[in-house]
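Protein chains: 2
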Amino acid sequence: MNTMKMTPQRLAVLQYLNGNTQHPSAEEIYRAVSLQYPTMSFATVYNTLETLRKAGTIQELWIDPLRKRFDPNPLPHNHVICIQCKKIVDVAVEQIMELPDRLSEEFEIVNSQVTFFGICSACKKQ
Amino acid sequence: MNTMKMTPQRLAVLQYLNGNTQHPSAEEIYRAVSLQYPTMSFATVYNTLETLRKAGTIQELWIDPLRKRFDPNPLPHNHVICIQCKKIVDVAVEQIMELPDRLSEEFEIVNSQVTFFGICSACKKQ
DNA sequence: CTGGCTGCAAATCTTTTGCATCCTG
DNA sequence: CAGGATGCAAAAGATTTGCAGCCAG
Chain A
239 MNTMKMTPQR
249 LAVLQYLNGN
259 TQHPSAEEIY
269 RAVSLQYPTM
279 SFATVYNTLE
289 TLRKAGTIQE
299 LWIDPLRKRF
309 DPNPLPHNHV
319 ICIQCKKIVD
329 VAVEQIMELP
339 DRLSEEFEIV
349 NSQVTFFGIC
359 SACKKQ
Chain B
239 MNTMKMTPQR
249 LAVLQYLNGN
259 TQHPSAEEIY
269 RAVSLQYPTM
279 SFATVYNTLE
289 TLRKAGTIQE
299 LWIDPLRKRF
309 DPNPLPHNHV
319 ICIQCKKIVD
329 VAVEQIMELP
339 DRLSEEFEIV
349 NSQVTFFGIC
359 SACKKQ
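Now the structure itself:
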């Protein structure tokens, strides 16, 4: 985990993300942080998210087909996503997954995660 | 699994995908099929892929952050992706994953998959 | 002063959409 | 003839990039 210069914009992004369980997209983060920093630009949001990711502070999720989502928890953990409304919820890791031998020769694994696809109760009602 | 009208374009997409282990993107599929059908349009590729997905013939993967990828194997299975070159390789399912009780009340799971993130041997050499 | 950060606008890339035309049954 | 499929172009969305100006050490 590297150090990084702490600017007001970066702090604002961090604070918005911190403890946030919604797995927001860049656009949602931009909208929220804009309230405090009306001059905040999209480029800065993307730059900041990339910097935070490289620093190991946050995690980028590629689970939603429409956009990247961001998770303040950088530790490996699992997710369940509603295939209708794209709501994402954290799932605790219950077992470590391993590659079959044949593939573990070809790939050096740095992380793994389980994704559950389902329908949330709110969407099921409709 | 529904029936669908079999047009030459759809057949060409299906044949390109069939047995293909590369998990190609829409653009790669378009380029390949264009060789046979020079008038084939992007819209038709996307329409066809969506039709095939709805018919349960293929699977859409949301693993590569840059683009959707398509898998001719519609059955649940796992993947390993190289975080550098984005190469994707199939991984056999070795155990069925389940949601913790608390969440299984909120979500009705339709599928789950494990994604391994790693570096492939080709990228490791560099 | 210098390097990094920001803000803005434009560019890029993927995917979707509207619409006219074309086939096929 | 009707409905679905195709091709084309434009639109829409997400993300990246170039660049000028700013700020802090």
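Each protein sequence line maps, in turn, to chains A and B.
Heads up: the first sequence begins at 239 in my numbering, then just goes up one per residue.
Heads up: the second sequence begins at 239 in my numbering, then just goes up one per residue.
Where a beta carbon is used, it is the ideal one built from N, C-alpha and C, also for glycine.
Residues of chain A with a Cβ closer than 7 Å to the Cβ of LYS362 of chain B are, in chain order, GLU346. Using a Cβ-Cβ cut-off of 7 Å, LYS306 of chain B is close to PRO303 of chain A, given in chain order.
Counting C-beta pairs closer than 8 Å gives three or more between the region 350-363 of chain A and the region 312-322 of chain A, which meets the contact rule.
At a C-beta separation below 9 Å, GLN322 of chain A has no neighbours in chain B, since its nearest C-beta there lies roughly 11 Å away.
Assignment of ILE347 of chain B by DSSP, reduced to helix, strand and coil, places it in the strand class. At a cut-off of 8 Å between beta carbons, GLY356 of chain A contacts chain B.
Between LEU341 of chain A and the set B:ILE326, B:GLN364, B:LEU287, the nearest pair of CA atoms involves B:ILE326. For MET242 of chain B, the closest Cβ of chain A is not nearer than 8 Å. For a cut-off of 8 Å, the C-beta gap from GLU344 of chain B to CYS358 of chain A is around 6 Å, short enough to register as a contact. Within the same chain, no Cβ atom closer than 6 Å to the Cβ of LEU304 of chain A is found once the five residues on either side in sequence are excluded. Under a criterion of Cβ atoms nearer than 7 Å, the residues of chain B adjacent to LEU337 of chain A are, in order, VAL318, VAL329, PHE354.
For GLN297 of chain B, the secondary structure class from DSSP, reduced to helix, strand or coil, is strand. Across the structure, LEU249 of chain A and ASN256 of chain A are spaced so that their CA atoms are roughly 10 Å apart. Taking 8 Å as the cut-off, the Cβ atoms of LEU287 of chain B and ALA264 of chain B count as close. By the rule that beta-carbons nearer than 8 Å mark a contact, SER350 of chain A touches chain B. For ARG248 of chain B, the secondary structure class from DSSP, reduced to helix, strand or coil, is helix. According to DSSP, residue pairing for CYS320 of chain B in a beta bridge involves B:GLY356.
In the displayed model, ASP302 of chain A falls within coil according to three-state DSSP, outside both helix and strand. Of B:LYS362, B:LEU313, B:THR277, the smallest CA-CA separation from VAL348 of chain A is found for B:LYS362. Put simply, of B:THR245, B:TYR268, B:PRO338 the residue whose alpha carbon is nearest the alpha carbon of ARG307 of chain B is B:TYR268.
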